[in-house]
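Undergrad: Could you have a look at this structure, given as structure tokens, before my questions?
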Ligand SMILES: [Zn+2]
């Protein structure tokens, strides 16, 4: 299943990376991911490695993922 396009509202948010100022990209987890959600789960900056949770707003460490709706594990 190809990734579905994001709604315009999401695209127009134009969030910049606080570390390097580049545009953040939306990360969606695959279906077999433990934290799968049918939509954006994190915002990330590939060049500098910054990523944060979509709901929690927390910085995610290496290999860390955002639980669905930002709930506590
Ligand atoms: Zn960055």
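Numbering (the numbering used here), first residue to last: 115 to 187.
In this text, a Cβ means the ideal position worked out from N, Cα and C, and glycines have one as well.
With a 10 Å radius around its C-beta and 16 neighbouring C-beta atoms as the bar for buried, classify residue 184 as buried or exposed.
TA: Answer is exposed; the Cβ neighbour count stays below 16.
Undergrad: Applying the criterion that 16 or more other CB atoms from any shown protein chain within 10 Å of the CB defines a buried residue, is residue 167 buried or exposed?
TA: Buried: at least 16 other Cβ atoms inside 10 Å.
Undergrad: One question on the structure: do residue 180 and residue 156 come within less than 8 Å of each other, judged by their Cβ atoms?
TA: In contact: residue 180 and residue 156 (Cβ atoms closer than 8 Å).
Undergrad: When DSSP labels each residue in this structure, what does residue 151 get in the three-state scheme?
TA: Residue state, collapsed to three classes: coil.
Undergrad: Just the Cα atoms here: how many angstroms apart are residue 140 and residue 158?
TA: Whole-angstrom Cα-Cα distance: 6 Å.
Undergrad: At a threshold of 7 Å, does residue 164 count as lining ligand 1 (C-beta to nearest heavy atom)?
TA: Indeed, a heavy atom of ligand 1 lies less than 7 Å from the Cβ.
Undergrad: Could you name the residues that DSSP lists as bridge partners for residue 137?
TA: Residue 137 is bridged to 130.
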